[in-house]
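Protein chains: 2
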Amino acid sequence: MDGKDQRIIRALQRDGRMTNQDLAAKVNLSPSPCLRRVKMLEQSGIIKGYSVDIDTEAYGLGVTVFVRVSLADHTDSTVKQFEKDIERVDQVMECYVMTGASDYLLRVVVADLADYEKFVRRKLHPIGGIASLDSSFVYGVVKKTNVLPALID
Amino acid sequence: MDGKDQRIIRALQRDGRMTNQDLAAKVNLSPSPCLRRVKMLEQSGIIKGYSVDIDTEAYGLGVTVFVRVSLADHTDSTVKQFEKDIERVDQVMECYVMTGASDYLLRVVVADLADYEKFVRRKLHPIGGIASLDSSFVYGVVKKTNVLPALID
DNA sequence: AATAATTTGGCATAATCTGCCAAGGAATTG
DNA sequence: CAATTCCTTGGCAGATTATGCCAAATTATT
Chain V
0 MDGKDQRIIR
10 ALQRDGRMTN
20 QDLAAKVNLS
30 PSPCLRRVKM
40 LEQSGIIKGY
50 SVDIDTEAYG
60 LGVTVFVRVS
70 LADHTDSTVK
80 QFEKDIERVD
90 QVMECYVMTG
100 ASDYLLRVVV
110 ADLADYEKFV
120 RRKLHPIGGI
130 ASLDSSFVYG
140 VVKKTNVLPA
150 LID
Chain F
0 MDGKDQRIIR
10 ALQRDGRMTN
20 QDLAAKVNLS
30 PSPCLRRVKM
40 LEQSGIIKGY
50 SVDIDTEAYG
60 LGVTVFVRVS
70 LADHTDSTVK
80 QFEKDIERVD
90 QVMECYVMTG
100 ASDYLLRVVV
110 ADLADYEKFV
120 RRKLHPIGGI
130 ASLDSSFVYG
140 VVKKTNVLPA
150 LID
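Protein chains in written order, with numbering that gives the first Met the number 0: chain V, 0 to 152; chain F, 0 to 152.
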């Protein structure tokens, strides 16, 4: 992956639907080698996919919650079951295994507070093996970007 | 925004570069009304943009860190300056104002631990007004999706 | 400096986008 | 309940874009 690939990636992070011709112009290539590089990035897995950014509030899911989860124990079966089950919960957009005091960090989207309570009661607790939950609500978004930093600092 | 718009959004979250023809087929419309709906979603701001999902590890930024930030005080000038400055730090992909013990939650991507130390010393601390930082490193990703849950649960 | 390997650019064809207009369907009103 | 109005849809035509192939140019290697 050379500098041109990086510029392709950065351009597509800003606008993932840019036409190949515009992309080519932006990275100083003609369309065919540009397209070939994009396809190669896709095939090699560096480009995992494309997506649309939705205004969650306008969509009707205005509340974002970060939830720190600690498991009651760390036996294989408890861990495996939690990870398998959490994957299937639609409201959980992200689930990370973390260092520090808690085991997992979830990003959850719901419509409102009442919805969040239902989510915890009906989706999280039934999973079992959870020792504690610590929820922090998002008041506001200062920054949210898809553009990764340049590699050479 | 009716059911068809929701299906359009969900399809584009899974594949943001799907051609309009495929999208139309997937939501049972012909291409022209489908395109019109997409344009309307873009103009109304529900669709904020399109992006590419990059494998951060393959890209060379394998370490993700969540940082909880507490400010020393909450005067207007301290808050404003922090939010203005943090926005310009490329390694900060997300910055949320949070309820709970700390004021902000950051998601930061760096190449490695050495890089993270440099990031804290050169990018975060110079901002000033920071009372404490609490960093948690991501060990693994259990789930990461762009697909918002359906609205009716 | 010569050769080999890789990458690039241009061209032709195929696919897709996009704006316009008539037809269809839903809602409203008398 | 029927007539009108309004909104949405579908199809078509021209413009734009994608895509595969081949020769030329560039880069790396020896």
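Each residue gets a CB set at the ideal place from its N, CA and C atoms; glycine is no exception.
I want to see whether chain V comes within less than 9 Å of residue i, judged by CB atoms only; does it?
i: K143/F; result: yes
i: I160/F; result: Because chain F here runs from 0 to 152, residue 160/F falls outside it and cannot be looked at.
i: Y115/F; result: no
i: K137/F; result: The sequence as given places Val at residue 137/F; Lys does not occur at that position. Answer yes: the Cβ-Cβ gap between V137/F and chain V drops below 9 Å somewhere.
i: G99/F; result: yes
i: V96/F; result: yes
i: L28/F; result: no
List, in order along the chain, the chain F residues whose C-beta lies closer than 8 Å to that of residue i?
i: E93/V; result: V140, K142, K143, T144
i: D21/V; result: Residues of chain F passing the Cβ test: none, with the nearest at roughly 13 Å.
i: L150/V; result: Y58, G59, L60, A110
Counting only beta-carbon atoms, is residue i nearer than 9 Å to chain F?
i: M0/V; result: yes
i: A110/V; result: yes
i: Q6/V; result: The amino acid at residue 6/V is misidentified as Gln; the sequence shows Arg. False, the Cβ-Cβ gap to chain F never drops below 9 Å.
i: L123/V; result: no
Give the interface partners of residue i over in chain F, defined as CB-CB distance under 7 Å, in chain order.
i: T55/V; result: L147
Chain V partners of residue i, CB-CB under 7 Å?
i: L11/F; result: V51
Contact check, residue i vs residue j under 8 Å by CB: the rounded distance?
i: G59/V; j: A113/V; result: At roughly 14 Å, the Cβ-Cβ gap does not stay under 8 Å, so G59/V and A113/V are not in contact.
i: V62/F; j: Y115/F; result: 6 Å
By the criterion of Cβ-Cβ separation under 9 Å, what are the contact partners of residue i in chain V?
i: R120/F; result: Within chain V, no residue comes near R120/F; the closest Cβ sits about 13 Å away, beyond 9 Å.
i: L104/F; result: F65, S135, V137
- Query: When Cβ atoms are compared, which residues of the region 35–49 of chain V fall closer than 8 Å to chain F?
  - Reply: Listed in sequence order: S43, G44, I45, I46, K47, G48, Y49.
- Message: Which residues of the region 62–91 of chain V have a Cβ closer than 8 Å to any Cβ of chain F? Give them in chain order.
- Response: Taking 8 Å as the Cβ-Cβ cut-off, the region 62–91 of chain V approaches chain F at T63, F65, E82, I85, E86, D89, Q90, V91, given in chain order.
- Task: Specify whether the region 129–140 of chain V and the region 6–17 of chain V touch according to this definition: at least 3 beta carbon pairs, one from each stretch, less than 8 Å apart.
- Result: Between the region 129–140 of chain V and the region 6–17 of chain V there are fewer than three C-beta pairs closer than 8 Å, too few to call the two in contact.
- Specify whether the region 31–42 of chain F and the region 24–31 of chain V touch according to this definition: at least 3 beta carbon pairs, one from each stretch, less than 8 Å apart. Cβ pair count under 8 Å is below three, so no.
- Message: Whether or not the region 81–96 of chain V and the region 36–52 of chain V are in contact is what I'm after, with contact meaning three or more pairs of Cβ atoms, one per stretch, closer than 8 Å; do they touch?
- Response: No contact exists between the region 36–52 of chain V and the region 81–96 of chain V.
- Are the region 72–88 of chain V and the region 40–57 of chain F touching by the rule of at least three beta carbon pairs closer than 8 Å? Segments in contact, no.
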